[in-house]
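A.B. asks: In the numbering used here, the protein residues as written are 372 to 667.
Heads up, the beta-carbon is just placed ideally off N, CA and C, and yes, glycines get one too.
First, the structure itself, so that you have it in front of you.
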Amino acid sequence: MPFEDRSFEDGTPVLRVPDAPITLSTASVYPEKVPSAFEIAALLGYDGIEVMVSTDASSQDLNVLRRLSDYHQVPIKSIHAPCLLLTQRVWGREPWGKLVRSKEVAEELGAEVVVVHPPFRWQRDYAKDFVEGLARMQDETDVLFAVENMFPLKARGAEAGMYLPDWNPVDQDYPYVTLDLSHTAVSGSDALDMADSLGDRLRHVHLADGVGITNKDEHLVPGRGGQPCGPMLENLAESGFRGHVVLEVNTRRASSRAERMEDLAEALAFARLHLAAAHRTWEVSAAGEVTRRGAR
Numbered sequence: 372m373p374f375e376d377r378s379f380e381d382g383t384p385v386l387r388v389p390d391a392p393i394t395l396s397t398a399s400v401y402p403e404k405v406p407s408a409f410e411i412a413a414l415l416g417y418d419g420i421e422v423m424v425s426t427d428a429s430s431q432d433l434n435v436l437r438r439l440s441d442y443h444q445v446p447i448k449s450i451h452a453p454c455l456l457l458t459q460r461v462w463g464r465e466p467w468g469k470l471v472r473s474k475e476v477a478e479e480l481g482a483e484v485v486v487v488h489p490p491f492r493w494q495r496d497y498a499k500d501f502v503e504g505l506a507r508m509q510d511e512t513d514v515l516f517a518v519e520n521m522f523p524l525k526a527r528g529a530e531a532g533m534y535l536p537d538w539n540p541v542d543q544d545y546p547y548v549t550l551d552l553s554h555t556a557v558s559g560s561d562a563l564d565m566a567d568s569l570g571d572r573l574r575h576v577h578l579a580d581g582v583g584i585t586n587k588d589e590h591l592v593p594g595r596g597g598q599p600c601g602p603m604l605e606n607l608a609e610s611g612f613r614g615h616v617v618l619e620v621n622t623r624r625a626s627s628r629a630e631r632m633e634d635l636a637e638a639l640a641f642a643r644l645h646l647a648a649a650h651r652t653w654e655v656s657a658a659g660e661v662t663r664r665g666a667r
């Protein structure tokens, strides 16, 4: 079932809640470590975890991750491959090897998605075969490789591209895409238009906010910036989105564990509220047919 239908006793307005887990990125608890992410996700009621494979040794260790998931009863739903500048040596320096290892870990842990960044411009050999090579890897697994939208750097008003074939996945031949709303803030992209253009290729959302400061990837708690986080979730609810919604927010400035948990609780509440609030109300006929009744 792609939706959970909820209606009043008379069967008229019905709330359709998509079967999309709301999960927590381990990056959201930094500078705390991966074990803290599992603990906080369990305490706050997140549906799962996205492991950002980083320099934190626990993020790289299959057995540690399995034990954390089992102990806290929090499933690992996705793996973020080590594609950042800071993780160039994690799981080796060969980029295809990193993706193979990410796929293997995802398969072992039952994760459904591997998040991938497009190649850096200086990774020319990797970039040359990236689209075709990723398609070949996708044919070998049920795990989805979802390429993330990035953003250009700007210097003196000019754009400096960091990624090949491009930072924007919309016009690239990727079967699956991750849409990051902090990145759309930096790039000045229309997140709703990008989601609409991606259509069924959109299978993974990094939910965060931003005010659009040049070259600054803010990852604010949703609702604290200028991105259409609420409308995005409501559109996903209306369309019956079956991918993942991942809170990937920056809590580095939190002065304590309690303040960090307050931020992550607020982020989860925002996501649940808007993902359950479809843009339109619905009517259910005597025959059980569901139709739009009009804008709310």
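1) So, with DSSP's three-state summary, where would you put M423?
2) According to DSSP, simplified to helix, strand and coil, what is F374?
3) Please name the residue, chosen from D564, H590, R437, that lies closest to K448 on a Cα-to-Cα basis.
4) Within 6 Å: the Cβ of Y547 and any heavy atom of the ligand ATP?
5) For the alpha helix (DSSP H) containing F501, name the first residue and the last one.
6) In whole angstroms, what separates the C-alpha of V548 from that of F516?
7) Can you grab the Cα-Cα spacing for the pair P373 / I393, in whole Å?
8) Check whether the segment 442-462 touches the segment 476-490, taking contact to mean three or more Cβ pairs, one atom from each stretch, closer than 8 Å.
9) Provide the residue span of the beta strand (DSSP E) that contains F516, from first to last.
10) Please go through the same chain and pick out, in chain order, the residues whose beta-carbon is closer than 6 Å to the beta-carbon of G601, but skip the five residues on each side of it.
11) Name the two residues that bound the continuous beta strand (DSSP E) containing V485.
12) Measure the beta-carbon distance from G668 to A556 and round it to whole angstroms, keeping in mind my assumption that it falls under 8 Å.
13) T549 bridges to which residues according to DSSP?
C.D. replies: On the basis of the data shown:
1) Working through the sequence shown from its first residue, we reach residue 423 at position 52. Reduced to three states, the DSSP call for M423 is strand.
2) On the sequence shown, residue 374 is found 3 positions in, with the first residue counted as 1. Annotation note: pLDDT 46 at F374 (below 50); position unreliable, coordinate value reported separately. DSSP, reduced to helix, strand and coil, places F374 within a strand of the structure shown.
3) As a position in the sequence shown, residue 448 is number 77, starting the count at 1. Measuring from the Cα of K448, the nearest candidate turns out to be R437.
4) What this structure holds is no ligand at all, so the ligand ATP is not there to describe.
5) For the purposes of this step, residue 501 is identified with residue 130 of the sequence shown, where counting begins at 1. Start and end: 501-509.
6) Stepping through the sequence shown from its first residue, residue 548 is reached at position 177. Stepping through the sequence shown from its first residue, residue 516 is reached at position 145. Distance between the alpha carbons of V548 and F516 is about 8 Å.
7) Reading the sequence shown from its first residue, position 2 is the one you call residue 373. Reading the sequence shown from its first residue, position 22 is the one you call residue 393. Confidence at P373 is low in this model, with a pLDDT of 42, below 50, so the placement of that residue should be treated as unreliable; the coordinate-derived value is given next. In this structure, the CA atom of P373 is about 15 Å from the CA atom of I393.
8) yes
9) Within the sequence shown, the letter at position 145 stands for residue 516. Segment 515-519, the beta strand (DSSP E) holding F516.
10) By 1-based counting over the sequence shown, the position of residue 601 is 230. So the list reads H645, once near-sequence residues are dropped.
11) Here residue 485 refers to the residue found at position 114 of the sequence shown. Note, V485: beta strand (DSSP E), 484-487.
12) The chain is shown only over 372 to 667; residue 668 falls outside these bounds and no answer can be derived.
13) Locating residue 549 in the sequence shown gives position 178, counting from the first residue. T549 pairs with E519, H575.
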